[in-house]
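Peer 1: Under our numbering, think of the first position of the sequence shown as 225, with each following residue one higher. Where is the CB? At the ideal position from N, CA and C, for every residue including glycine. Please find one structure pasted underneath; my questions will follow.
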Amino acid sequence: MNTPFYHYDLDVLRRTLQTISGAIEGYPFHIHYAMKANAERKILDTIREYGFGVDCVSGNEILLALDAGFSPDKIVFAGVGKTDRELIDAIGSEVFNINCESIEELPVISEIARRLNKKTMVSFRLNPNIDARTHPHITTGKSINKFGIPSSRLWDALEELRKYPEIEFNGLHFHIGSQIRSIEPFIELCQEINRLQEELGKKGYSPANLNVGGGLGIDYEHPEKYIIPDFEAYFNVFKEHLRIPDGQQVHFELGRSVVGQCGSLITKVLYVKDAGEKKFAIIDAGMSDFMRPALYASVHRIENLTSEGPMQIYEVVGPICESTDSFGNIEMNEVRRGDILKIWSTGAYGTVLSSKYNLRDKAENYYSDEVALDDFLGQRS
Ligand code: LLP
Numbered sequence: 225m226n227t228p229f230y231h232y233d234l235d236v237l238r239r240t241l242q243t244i245s246g247a248i249e250g251y252p253f254h255i256h257y258a259m260k261a262n263a264e265r266k267i268l269d270t271i272r273e274y275g276f277g278v279d280c281v282s283g284n285e286i287l288l289a290l291d292a293g294f295s296p297d298k299i300v301f302a303g304v305g306k307t308d309r310e311l312i313d314a315i316g317s318e319v320f321n322i323n324c325e326s327i328e329e330l331p332v333i334s335e336i337a338r339r340l341n342k343k344t345m346v347s348f349r350l351n352p353n354i355d356a357r358t359h360p361h362i363t364t365g366k367s368i369n370k371f372g373i374p375s376s377r378l379w380d381a382l383e384e385l386r387k388y389p390e391i392e393f394n395g396l397h398f399h400i401g402s403q404i405r406s407i408e409p410f411i412e413l414c415q416e417i418n419r420l421q422e423e424l425g426k427k428g429y430s431p432a433n434l435n436v437g438g439g440l441g442i443d444y445e446h447p448e449k450y451i452i453p454d455f456e457a458y459f460n461v462f463k464e465h466l467r468i469p470d471g472q473q474v475h476f477e478l479g480r481s482v483v484g485q486c487g488s489l490i491t492k493v494l495y496v497k498d499a500g501e502k503k504f505a506i507i508d509a510g511m512s513d514f515m516r517p518a519l520y521a522s523v524h525r526i527e528n529l530t531s532e533g534p535m536q537i538y539e540v541v542g543p544i545c546e547s548t549d550s551f552g553n554i555e556m557n558e559v560r561r562g563d564i565l566k567i568w569s570t571g572a573y574g575t576v577l578s579s580k581y582n583l584r585d586k587a588e589n590y591y592s593d594e595v596a597l598d599d600f601l602g603q604r605s
């Protein structure tokens, strides 16, 4: 095994999936794993075993989900710019629902459905103008964001829909952002949904489904302490604050909280550079392997797996010719050339965002049932 590589602890993934299943038991709640977070086959296979569906955002994700054995009636498809090809894949394979993000999409969906001689179910993704209080780059539910139809235009959307007999109105969809660490934005979302559903009811609509999106954050600072996110508190928000009409089904699109903590990026220290004012630990993983620090200035816990030396602060940097190729100033056991570091909590938005920038090789993905990290460390010494 060459570093850098991603390593997934399937036991953590299974415990996470069990916790989610337990938390939703007895409620009309359905999980569609947001496969944009990690679309590795073994991850998908494990998630499918728990009966979850998937949330796809491209035609290729739909095709992969089908190939991985997800039934079309458990697939939802979203995207602010769906191509005709992707709509053909979605409608042709009879996915459960298309989340429509602009009124302008409707004639295109209708035309493709007619051509394929299919009917299709559509939910309107509404932009509720709620601040998710997270990083601006992953805030999606404010009116300045490109996502969804402004809530105030729901009535225009419903009016337009009447023109298209091949499209059935399935419900409302929301997604206000990602890595949301407080419950308030979700409470505000429930309140806005209650208001809209009441208005819908008054106008004679009773949508069969409601999709509240994803967004639950994880603890990047203390992953070992909070390896399983607090799903109970999260689902309790919806159990307590959402008024769910009889028979309505509620759908969730969780990504990060499902897979974030089961993955780590294992990397080797190439050099320790003493630059006077500070020390750099130069590692063989860079922003091409893991983009989050460069994109969102995110800081991940980093642990030196091969040293028990005194704690010191290093700026951990990758080999790429960009100053943003940095994992931040990290305190860890004294670092020497050849040490192996573990970058925690990289299961979500890690391997999927990796690239071949600088023509570097892509980091491989390995699983705990193939090789334990301890065995890898043992083989080296
Ligand atoms: N549903 C929709 C419509 C979404 O756009 C997303 C994520 C999700 C569900 C899943 O959200 P989650 O439960 O994972 O928060 N690359 C960024 C995150 C981008 C999230 C994009 N949309 C990061 O690494 O922080």
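Among Val346, Pro360 and Ile255, which one has its Cα closest to the Cα of Arg386?
Peer 2: From the listed residues Val346, Pro360 and Ile255, the smallest Cα separation to Arg386 is found for Val346.
Peer 1: Please determine whether the Cβ atom of Ala521 lies at a distance below 7 Å from any heavy atom of the ligand LLP.
Peer 2: no
Peer 1: I need the DSSP call for Leu529, collapsed to helix, strand or coil.
Peer 2: coil
Peer 1: Can you tell me where the beta strand (DSSP E) with Tyr538 in it begins and where it stops?
Peer 2: Met535 to Val541
Peer 1: If we require 3 or more residues per run, which beta strand (DSSP E) segments fall completely within the region 277-342?
Peer 2: 277-280, 299-301 and 321-324
Peer 1: Excluding sequence positions up to five away, which residues of its chain have a Cβ less than 6 Å from the Cβ of Ser592?
Peer 2: Closer than 6 Å at the Cβ level, and outside the excluded window around Ser592, lie Asp233 and Leu234.
Peer 1: Keeping to the same chain, check which residues put their C-beta closer than 8 Å to that of Glu408; ignore five residues upstream and five downstream.
Peer 2: Arg357
Peer 1: So, at 8 Å on beta carbons, what are the nonlocal neighbours of Thr270 in its own chain, with the 5 sequence-adjacent residues on each side left out?
Peer 2: Cβ within range, chain order: Leu234, Leu237, Arg238 and Leu241.
Peer 1: Thinking C-beta only, is Gln415 closer than 8 Å to His465?
Peer 2: yes
Peer 1: Could you check the C-alpha separation between Phe600 and Phe229 for me, to the nearest Å?
Peer 2: Going by C-alpha positions, Phe600 is about 11 Å away from Phe229.
Peer 1: State the start and end residues of the unbroken beta strand (DSSP E) segment that holds Leu183.
Peer 2: Outside the shown range of the chain (225 to 605) lies residue 183, about which nothing can therefore be said.
Peer 1: Using only the alpha-carbon positions, how far apart do Asp498 and Val482 sit?
Peer 2: 39 Å
Peer 1: Can you tell which of Ala289, Ile336, Gly283 and Asp279 has the C-alpha that lies nearest to the C-alpha of Arg265?
Peer 2: Per the Cα distances, Ala289.
Peer 1: For the ligand LLP, is there a heavy atom less than 7 Å away from the beta-carbon of Arg525?
Peer 2: At a cut-off of 7 Å, the beta-carbon of Arg525 does not count as near the ligand LLP: no heavy atom of the ligand is closer than that.
Peer 1: Going by DSSP, name the residue or residues bridged to Tyr495.
Peer 2: Ile506
Peer 1: Among Ser512, Ile526, Glu539 and Gly246, which has the Cα closest to the Cα of Tyr495?
Peer 2: Glu539
Peer 1: To which residues of the same chain is Ser578 closer than 8 Å at the C-beta, ignoring the five residues directly before and after it?
Peer 2: Answer for Ser578: Ser512, Asp513, Phe514, Met515, Lys586 and Ala587, listed in chain order.
Peer 1: I think Met535 touches Asn557, with their Cβ atoms under 8 Å apart; what is that distance to the nearest whole Å?
Peer 2: 6 Å
Peer 1: Bridge partners for Ala258 per DSSP, in chain order?
Peer 2: Asp279
Peer 1: Beta carbon of Leu577: closer than 7 Å to some heavy atom of the ligand LLP?
Peer 2: yes
Peer 1: For His399, is the beta carbon positioned less than 7 Å from some heavy atom of the ligand LLP?
Peer 2: yes
Peer 1: Under 8 Å between the Cβ atoms of Ser569 and Tyr444?
Peer 2: At a Cβ-Cβ threshold of 8 Å, Ser569 and Tyr444 count as neighbours.
Peer 1: Distance, Cα to Cα, Glu555 vs His231?
Peer 2: 22 Å
Peer 1: Say the cut is 7 Å; is the CB of Tyr573 nearer than that to a heavy atom of the ligand LLP?
Peer 2: yes
Peer 1: Is DSSP giving Glu264 helix, strand or coil here?
Peer 2: coil
Peer 1: Does the contact criterion of 3 or more C-beta pairs under 8 Å hold for the region 301-317 versus the region 334-351?
Peer 2: yes
Peer 1: Please identify the residue among Lys366, Asn351, His524 and Gly574 whose C-alpha is closest to the C-alpha of Ala381.
Peer 2: Asn351
Peer 1: Does DSSP classify Tyr520 as helix, strand or coil?
Peer 2: helix
Peer 1: If you run the structure through DSSP and keep just helix, strand and coil, what is Thr364?
Peer 2: Looking at Thr364 - three-state DSSP - the assignment turns out to be coil, as it is neither helix nor strand.
Peer 1: My assumption, with CB atoms under 8 Å, is that Asn262 sits in contact with Ala572. Please give the rounded CB distance.
Peer 2: 6 Å
Peer 1: At a cut-off of 7 Å, would you count Arg584 as near the ligand LLP, judging by its Cβ distance to the nearest heavy atom?
Peer 2: Annotation for Arg584 indicates a beta carbon at 7 Å or more from all heavy atoms of the ligand LLP.
Peer 1: Looking only at its chain, what residues have a beta carbon closer than 6 Å to the beta carbon of Glu325, apart from the 5 residues adjacent to it on each side?
Peer 2: Val304, Arg349 and Gly372
Peer 1: Is Ser406 near the ligand LLP, going by C-beta to nearest heavy atom under 7 Å?
Peer 2: no
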